[in-house]
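J.: Counting from 60, one number per residue, gives the positions in the sequence shown under the working numbering.
We put the beta carbon where it would ideally sit given N, CA and C, even for glycine.
Owing to the predicted nature of the structure, the values given are computational and were not obtained by experimental measurement.
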Amino acid sequence: MAVSANRLELLQIADAVAREKVIDREIVLAAMADAIQKAARSRYGTESNIRADINPKTGEIRLQRLLEVVDKVEDYSTQIPLELARDRNPDAALGDFIADPLPPMDFGRIAAQSAKQVIVQKVREAERDRQFDEFKDRVGEIVNGTVKRVEYGNVIVDLGRGEGIIRRDEMIPRENVRYGDRVRAYVYDVRREQRGPQIFLSRTHPQFMVKLFTMEVPEIYDGIIQVKSVARDPGSRAKIAVISNDSSIDPVGACVGMRGSRVQAVVGELQGEKIDIIPWSQDPATFVVNALQPAEVAKVVLDEDAERIEVVVPDEQLSLAIGRRGQNVRLASQLTGWDIDIMTEAEESERRQKEFNERTNLFMDSLDVDEMVGQVLASEGFAAVEELAYVDLDEISSIDGFDEETAQEIQQRAREFLERLEAEMDEKRKALGVQDELREINGMTAQMMVALGEDGIKSIEDFAGCAADDLVGWSERKNGETKKFEGLFSKFDVSRVEAEQMIVQARLSAGWITQEDLDKGTEEEVTEAEQEA
């Protein structure tokens, strides 16, 4: 009876642990079996291969020592000769294992303590695995929890079946929480670490606000309204861009709600953070104008290559457009993905006058004309001598006060100036040691070759080793700001596509690639594009 009671008690313990830790009962029984095996090895020899089995229905424990069938025995505690093995099992073959039953054993104090440690360790590992499996699929969700403790500004949150951490920089500034407070947070990462799964929560993540709006606005939850982008200055101000897939539904009005009820619910959760809800637009200029609300914009000028936009505002709107400590323009830049330069109408007028004077002086010096002619050419939109040299003659002769003879003379002077400049640059290129074969590349000019030579690129092989970024420059976006890096050809009118074509031509000339390689690459690109389509 005592044995039966012990067996029954063993199963009851396994059931209780499985329920408490929310893990499978089989895992607990396997942990117990491992603990018994460890205790048995301490009695029968650590080198012995002992297996313990627990019957999940009756709780009966069976101990067996496994002996490997070998031709020549080297260790009698783990091996058995083939002749003896066939006495027990006529079908025994080399490599098989013979189970040698062992008598039941009583656990001593040390063995019991050791077994307990094994069980605790196995159960803890199973609990960690369960916790990781449960929360790894909840990244991107909002969870509710109770503040368990606060350590150096980091908040440990009890999530019921796990613990999450809100680091100090992921808490809304000036937000105080105490033990026992209920908090909502966004799960942005779950990692499996040595001490167990780490669930990282955030209340400053932009997607936290998106999820709050999804909970408050049924149209966002149903997909009728889309949140296109978000920018936050946690605890102070935020901007959210929305668009409606149904023309009959106003996306801004739906997010605001009746008398502001929906947006106020989000504001309350974010500790009073002011939220600007902005209609998203596919047109960058319109989107930037909307993002700078409540400031009024007079004019915008886009530079798509540099992803930069110049915004002109009335003088009295400048401080409103920039915002306190640049907050409004910074959030607008993060929301739209464009670098925004703000200037007043007076500053823009001054800059335009400066550019006009620079172009006038350029034409006066290069074409040997008087100030009036230079001003006329600049006012007609010509920005470079190259434009005058190669533009259709009618575009010059159609200017008021210019006849065909004057137009021909201006164009002739422009071409002569470019020829002189090309000759000067060619001499300088030769002095730098830049090889003549670089000139054979389509689009290459002497000025470009001088720029290459000054950077140490003197042969076709040197040029073939360049990347498009080396020639036209590149941009890096960090912390909402784009930093532009100049390339060797940045001051020339060369696009990225043209630069790549020049590099390919150089690699062909250098023998690095063949025309077959190019044709094969083009076919693969077409195939990938068709598959994507």
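1. Using the DSSP secondary-structure output, state which residues sit across from Val-129 in a beta bridge.
2. Can you give, in chain order, each stretch of the beta strand (DSSP E) that sits fully within the stretch 380–452 and has at least 3 residues?
3. For Val-360, is the classification buried or exposed, using 16 other Cβ atoms within 10 angstroms of its Cβ as the cut-off for buried?
4. Taking DSSP as the reference, what is the three-state secondary structure of Gly-524?
5. Considering Arg-291, what are the terminal residues of the beta strand (DSSP E) in which it resides?
6. Runs of 3 residues minimum, wholly inside the stretch 219–305: which ones carry the beta strand (DSSP E) assignment?
7. Between Pro-232 and Pro-293, how many whole angstroms is the CB-CB distance? I'm expecting something under 8 angstroms.
8. Buried or exposed for Leu-153, going by 16 or more other Cβ atoms inside 10 Å?
9. Strictly by DSSP, which residues pair up with Glu-210?
10. Any idea what DSSP makes of Lys-517, helix, strand or coil?
11. From what residue to what residue does the beta strand (DSSP E) around Pro-343 run?
12. For Ala-158, list the residues DSSP reports as bridge partners.
13. Helix or strand or just coil, what does DSSP make of Leu-577?
14. In its own chain, which residues sit with a C-beta less than 7 angstroms from the C-beta of Met-507, not counting the 5 before and 5 after it?
15. Bridge partners for Asn-203 per DSSP, in chain order?
16. So, are the CB atoms of Pro-338 and Ile-368 less than 8 angstroms apart?
17. On the three-pair Cβ rule with 8 angstroms, is the stretch 393–409 touching the stretch 370–382?
18. Under the assumption that Ala-111 contacts Ala-92 (Cβ atoms under 8 angstroms), give the Cβ distance between them as a whole number of angstroms.
19. Below 8 angstroms, can you find three or more Cβ-Cβ pairs linking the stretch 449–466 to the stretch 479–486?
20. Which of the three DSSP states is assigned to Asp-188 in this structure?
21. Using the DSSP secondary-structure output, state which residues sit across from Asp-335 in a beta bridge.
22. May I ask you to list the residues that DSSP assigns as paired with Leu-88?
23. Helix, strand or coil for Ala-111 per DSSP?
24. May I ask you to report which of helix, strand or coil DSSP gives Lys-641?
25. Counting only runs of 4+ residues fully inside the stretch 491–515, write out the alpha helix (DSSP H) ranges in chain order.
26. Quick check: the Cα distance between Gly-396 and Glu-468, rounded to an integer number of angstroms?
27. Taking the alpha helix (DSSP H) that Glu-559 belongs to, which residues open and close that run?
28. So the alpha helix (DSSP H) Glu-328 belongs to, where does it begin and stop?
29. When burial is assigned at 16 or more other CB atoms within 10 Å of the CB, is Met-317 buried or exposed?
30. For Leu-547, name the three-state secondary structure that DSSP assigns.
31. First and last residue of the alpha helix (DSSP H) that includes Val-315?
32. Among Pro-353, Ala-527 and Ile-139, which has the Cα closest to the Cα of Arg-555?
33. Grouping DSSP H, G and I as helix and E and B as strand, with all else coil, what is Ile-368?
34. Pick from Pro-149, Pro-162, Tyr-211 and Ala-297: whose alpha carbon is nearest that of Arg-121?
35. Alpha carbon to alpha carbon, how far is Leu-260 from Tyr-247? Give it in angstroms, no decimals.
36. Glu-463: buried (16+ other C-beta within 10 angstroms of its C-beta) or exposed?
T.: A quick look at the data gives this:
1. Pro-140
2. 398–403
3. exposed
4. coil
5. 284–292
6. 222–225, 241–252, 255–261, 284–292 and 296–303
7. Yes, they are in contact, since the Cβ atoms of Pro-232 and Pro-293 sit about 6 angstroms apart, within 8 angstroms.
8. exposed
9. Residue pairing for Glu-210: DSSP places it in a beta bridge opposite Asn-213.
10. coil
11. Careful: Pro-343 lies outside any beta strand (DSSP E), inside the alpha helix (DSSP H) at 343–350.
12. Leu-125
13. helix
14. Phe-548 and Phe-551
15. Note: Asn-203 sits in a beta bridge opposite Arg-243.
16. no
17. Yes, the stretch 393–409 is in contact with the stretch 370–382.
18. In this structure Ala-111 is in contact with Ala-92, their Cβ atoms being roughly 5 angstroms apart against a cut-off of 8 angstroms.
19. no
20. If DSSP states are grouped into helix, strand and coil, Asp-188 belongs with the helices.
21. Lys-298
22. Beta-bridge pairing links Leu-88 to no other residue.
23. Residue state, collapsed to three classes: strand.
24. Nothing about residue 641 can be reported from this structure: the residues present for the chain run from 60 to 592 only.
25. 505–513
26. 47 angstroms
27. Boundaries of the alpha helix (DSSP H) harbouring Glu-559: 555–569, taken from the DSSP string.
28. 320–328
29. exposed
30. coil
31. 310–315
32. Ala-527
33. strand
34. Pro-162
35. 6 angstroms
36. exposed
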